[in-house]
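S.K.: Residue numbers (the numbering used here), protein chains in the order written: chain Z, 1 to 290; chain V, 291 to 604; chain D, 605 to 1025. We treat Cβ as the ideally placed atom computed from N, Cα and C, and that holds for glycine.
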């Protein structure tokens, strides 16, 4: 059943999904790439972002995407708080990252349980006038439900990319990642810079949360479905490479979409994780890794 | 002398466990202890790779599930007896461990962890797509009606787990106190330096990954009989991966006793919480326990005891 | 501030509740020893929403019974533990219920994964075991005192979808081709086996037959692949997030076959109905209960009233049409059997359930030899005339028209599917 129509649409759907997945993975890539922290709780924070958006949307009728952007500020502050805490108890003692990992697993449980206790496990969804509509361009149909997350995801990646490569703090983050001591000697406070980076990672979770709830209904433990995928994307893209994250996410999106369309949707995850294992075996630093 | 004392301890635990089955009628005891023993084995097995060499494995569920599914397949198709299931389950997971061991050749740190995570998703997907293993519909395993020596099948499963657990812990103790364990410790401290000093780094890593995998598979082999119905999504779960790395960490990764203490503490707490609190607050306790322990007891329970002892002697 | 206090009170309530479970204290209205009914229930984990709804229904049952003087003059007491939707917790929960709590009767938790692991112990102790929505468990155990309240019928796998294909085959012009899509999980995979069999029985040609893995974020590629096969019937077996994802993608891609629906779990949930609103119109799907005049069984209205008064406080499905009536009904079966036999002996009660007919809030229930309903009573409804996203929309009759079976029919199938709104 290979027709041009199906093929083109599968590619488009894969690209659209990729933009969204990149948004979800971005925080992991930043925090691991620049701070060496494995924030396994990131998908849980994305779901937390979805709930924040849900509350704003259902009580005040605020557009989900705007709500996600608005919530980025409190998420940024939350990120700084978490990093300070992490620094005080782990990093300062030079504790091995394994303990940090378990710490974030604990945080993941706490976020899930917190949502569970407050909102129950019912599925939550948002409404916006554009959801459910789609535009047709020739052979290709593009639903807004996927288009908006894609555009927002790509825009966010672009902004983060500009920030990291053009601003003082952005370059300082890159500097800290390469050589913490040198950065300190140059008068930059590495703790402060790292807090900013972690806060930024968290802020992306809020926006990604808005995109998630547009695409599918959410419940508190939904983040678990994404743990494998987002780490695969972050690794595949080369940790810390913002552009790499986008490219990897789009590649994975296309691979899954083609598998779903032409082979078997059931094998789609095996295909993408197979790709990951292959890349890890051949080029562990990822496609765009340093 | 120490060796002899531990040997006596092992024999005492096994015979004590077997004796218990003659006296305790209460089935709840066997079911709940089964889970604790399962986690003692998994945590100890995880520690042989994760604790001794520092390679953090997220794939416990996959090893365990592979062992369980191998056993399930052999039960439903050939009705093999329990010892063969254990051998077969251990072997298939050992092969997987071997493959993962070679992966350490190229992957370090979190990359290795993510590869093991990906591996468990791939294995779950493959099982889902394999009709001979029941696929997503799952697999029913009926316990044999007759059982010799014991008054019912659960007691046999319990006794089996006692023996496996003692064997596993003894093996961990042996590894720790041999050239093998010292080599692994050298790898954990500095892999390059170890290689320069003539430690056969790759061979040791592969051996430890294989041992660890085999033991997890062995832990999975009796599971089909315990659960009666297996389906891939719950058999290969992230919870198991988290538990089996959290337990050694809570207990202390440096020595064989750490995972045992951690497994007993965490899985007993989880079970007590299940039958007392029975709500979301149950998971809250697990979260708080994880966060609290890594903050307050950086070297686990063992480290905590050691520093207490030290303070007293000072 | 007020909100905080409410939360604190609720927290306190939970805590008291927990203590009540631990201490097994019951209000001492009767001097008699309480009759304990034990079970595990998904109060956390993926099925917790449904599990908590079921628990509330069971608590309403217990209160109703106790207000009416108890069972055999004894007050009933529910003893339950959270299984976290994990099968591994189930054997030890039932061992505790039987050996430590010494309950008089046990019933199952929610679903196949939770029911099956209890079976060896149930069989060992020769307990009566009524289960809540497990699929085809007893095919493997053949245990005489196993009963199952979901009305799937004596051959659950096949009977589940029989009505759907029977209705489809009756349509004019008769549809010819079928696309089957199922989630990679226990219930859906069982259901798809049956659907395949029924489709072939009625002479349909299967042009698409695939599974998808749970948790995929987007269905667009799958829906397009289905559309490319141009099927007349699209039969989907999915779980709540998948059902929403599929319906949204089908609408966007304009997948508009002659009949669309099947076994989508979740379309019966109020929160999902409110979100999808008019998009649901035309979908032809299995259902368990709807506020249609033909389904006005004795007691259901009173039960739902009590349920709906309490559900919002606990963040549960506010209408409770899906699982709660059945959770109430499976205890009614037990209750009526105990009352009729005036016995708490497992064998006596079990034998009685095997042959008697029960009048419950979900209608008349009679079990067949394997413990499933003697005759299938799967309902297939078509959603019609939904105009808004308001909850009140779904409480009115005429929105979920029962098309099958004939006995409960309350409307006509709009055929072919009129297209997405």
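Using the three-state DSSP reduction, which class does residue 628(D) fall into: helix, strand or coil?
M.R.: Confidence is the limiting factor: at residue 628(D) the pLDDT is only 45, short of 50, which leaves the residue's position unreliable, though a coordinate-based value still follows. The answer is coil: DSSP assigns residue 628(D) none of H, G, I, E or B.
S.K.: For the region 60–92 of chain Z, which residues have a beta carbon sitting closer than 8 Å to at least one beta carbon of chain D?
M.R.: Under the 8 Å Cβ criterion, the region 60–92 of chain Z contributes no residue.
S.K.: Would you mind working out which of 724(D), 756(D), 966(D) and 821(D) sits nearest residue 846(D), comparing C-alpha positions?
M.R.: When only C-alpha atoms are compared, the closest one is 821(D).
S.K.: Just to confirm before moving on: does the CB-CB distance between residue 341(V) and residue 507(V) stay below 8 Å?
M.R.: No; because the gap between Cβ atoms is not below 8 Å, this pair is not in contact.
S.K.: Residue 160(Z) CB to nearest chain V CB: under 8 Å?
M.R.: Answer no: the Cβ-Cβ gap between residue 160(Z) and chain V never drops below 8 Å.
S.K.: Does the beta carbon of residue 405(V) come closer than 8 Å to any beta carbon on chain Z?
M.R.: Closer than 8 Å to some Cβ of chain Z, the Cβ of residue 405(V) qualifies, so yes.
S.K.: Over the uninterrupted beta strand (DSSP E) stretch that includes residue 984(D), give me the two end residues.
M.R.: Run containing residue 984(D): 983–987, per the beta strand (DSSP E) assignment.
S.K.: Closer than 9 Å, Cβ to Cβ, to anything on chain Z: give me those residues from the region 525–555 of chain V, in chain order.
M.R.: Within the region 525–555 of chain V, the residues whose Cβ lies closer than 9 Å to some Cβ of chain Z are 528, 532, 535, 536, 539, 540 and 543, listed in chain order.
S.K.: Give a yes or no on whether 8 Å exceeds the smallest Cβ distance from residue 744(D) to chain V.
M.R.: Cβ-Cβ to chain V under 8 Å: yes for residue 744(D).
S.K.: Between residue 19(Z) and residue 226(Z), what straight-line distance do the alpha-carbon atoms span, to the nearest angstrom?
M.R.: Those two C-alpha atoms are separated by around 15 Å.
S.K.: Just to confirm, are residue 698(D) and residue 722(D) a CB contact at a threshold of 8 Å?
M.R.: Yes; because the gap between Cβ atoms is below 8 Å, this pair is in contact.
S.K.: Beta-carbon of residue 10(Z) versus every beta-carbon of chain V: anything under 8 Å?
M.R.: Not closer than 8 Å to any Cβ of chain V, the Cβ of residue 10(Z) fails to qualify, so no.
S.K.: Classify residue 99(Z) as helix, strand or coil using the three-state DSSP reduction.
M.R.: Helix at residue 99(Z).
S.K.: Grouping DSSP H, G and I as helix and E and B as strand, with all else coil, what is residue 91(Z)?
M.R.: If DSSP states are grouped into helix, strand and coil, residue 91(Z) belongs with the helices.
S.K.: Pick out whichever of 13(Z), 45(Z) and 17(Z) has its Cα sitting closest to the Cα of residue 291(Z).
M.R.: There is no way to answer for residue 291(Z), as the model of chain Z reaches only from 1 to 290.
S.K.: If you count every other CB in all the chains shown that lies within 10 Å of the CB of residue 42(Z), and 16 or more means buried, which is it?
M.R.: When all chains shown are included, residue 42(Z) counts as buried.
S.K.: Please report how far the alpha carbon of residue 333(V) lies from the alpha carbon of residue 111(Z), in whole angstroms.
M.R.: Roughly 25 Å separates the two Cα atoms.
S.K.: Would you say residue 249(Z) faces chain V, with C-beta separation under 8 Å as the test?
M.R.: Not closer than 8 Å to any Cβ of chain V, the Cβ of residue 249(Z) fails to qualify, so no.
S.K.: So the beta strand (DSSP E) residue 752(D) belongs to, where does it begin and stop?
M.R.: From DSSP, the beta strand (DSSP E) with residue 752(D) extends over 750–752.
S.K.: Taking only beta-carbon atoms, is residue 691(D) less than 8 Å away from chain V?
M.R.: For residue 691(D), the answer is yes, since a Cβ of chain V falls inside 8 Å of its Cβ.
S.K.: So, does the CB of residue 143(Z) fall closer than 8 Å to a CB anywhere in chain D?
M.R.: By this cut-off, residue 143(Z) is an interface position.
S.K.: Looking at the C-beta of residue 517(V), does it have a partner C-beta in chain D at a distance below 8 Å?
M.R.: Yes - at least one Cβ of chain D is within 8 Å of the one on residue 517(V).
S.K.: For a contact meaning CB atoms closer than 9 Å, what does residue 13(Z) contact in chain D?
M.R.: Those within 9 Å of residue 13(Z) in chain D are 822, 824, 825 and 828.
S.K.: Flag this pair as yes or no: are the beta carbons of residue 736(D) and residue 962(D) separated by less than 8 Å?
M.R.: Not a contact, by the Cβ cut-off of 8 Å.
S.K.: Give me the Cα-Cα distance between residue 485(V) and residue 179(Z), rounded to the nearest whole angstrom.
M.R.: Taking the straight line joining both Cα atoms gives about 27 Å.
S.K.: Do you know how far the Cα of residue 824(D) is from the Cα of residue 148(Z)?
M.R.: Residue 148(Z) and residue 824(D): Cα-Cα distance of roughly 15 Å.
S.K.: Give a single yes or no on whether residue 899(D) has its beta carbon closer than 7 Å to a heavy atom of the ligand NAP.
M.R.: For the ligand NAP, the structure offers nothing, since it holds no ligand at all.
S.K.: Quick check on this structure: which residue in 985(D), 807(D) and 687(D) has the alpha carbon closest to the alpha carbon of residue 712(D)?
M.R.: If we check each option's Cα against that of residue 712(D), 687(D) comes out closest.
S.K.: Taking a Cβ distance cut-off of 8 Å, strictly less, list which residues of the region 208–235 of chain Z are near chain V, in chain order.
M.R.: Flagged, chain order: 224, 227, 228, 231, 232 and 235.
S.K.: Could you compute how far the alpha carbon of residue 362(V) sits from the alpha carbon of residue 239(Z)?
M.R.: When rounded, the distance between both Cα atoms is 40 Å.
S.K.: Are there 16 or more other CB atoms within 10 angstroms of the CB of residue 439(V), so buried, or fewer, so exposed?
M.R.: Label assigned to residue 439(V): exposed.
S.K.: Which residue from 598(V), 371(V), 311(V) and 403(V) puts its Cα closest to that of residue 232(Z)?
M.R.: Comparing Cα-Cα distances from residue 232(Z) to each of 598(V), 371(V), 311(V) and 403(V), the minimum goes to 403(V).
S.K.: With a CB to CB cut of under 7 Å and the five nearest residues on each side skipped, what residues in its chain are close to residue 680(D)?
M.R.: Excluding positions up to five away in sequence, the list reads 638, 639, 641, 666, 669, 670 and 674.
S.K.: Comparing alpha-carbon positions, which option in 803(D), 905(D), 1012(D) and 975(D) lies nearest residue 753(D)?
M.R.: Considering only alpha carbons, the answer is 975(D).
S.K.: Mind pulling the alpha helix (DSSP H) runs of 4 or more residues that sit fully within the region 684–714 of chain D?
M.R.: The region 684–714 of chain D contains these whole alpha helix (DSSP H) runs: 694–703.
S.K.: Just confirm the distance between the C-beta atoms of residue 194(Z) and residue 35(Z), as a whole number of angstroms; I'd bet it's less than 8 Å.
M.R.: Their Cβ separation, rounded to whole angstroms, is 5 Å, which keeps residue 194(Z) and residue 35(Z) in contact under 8 Å.
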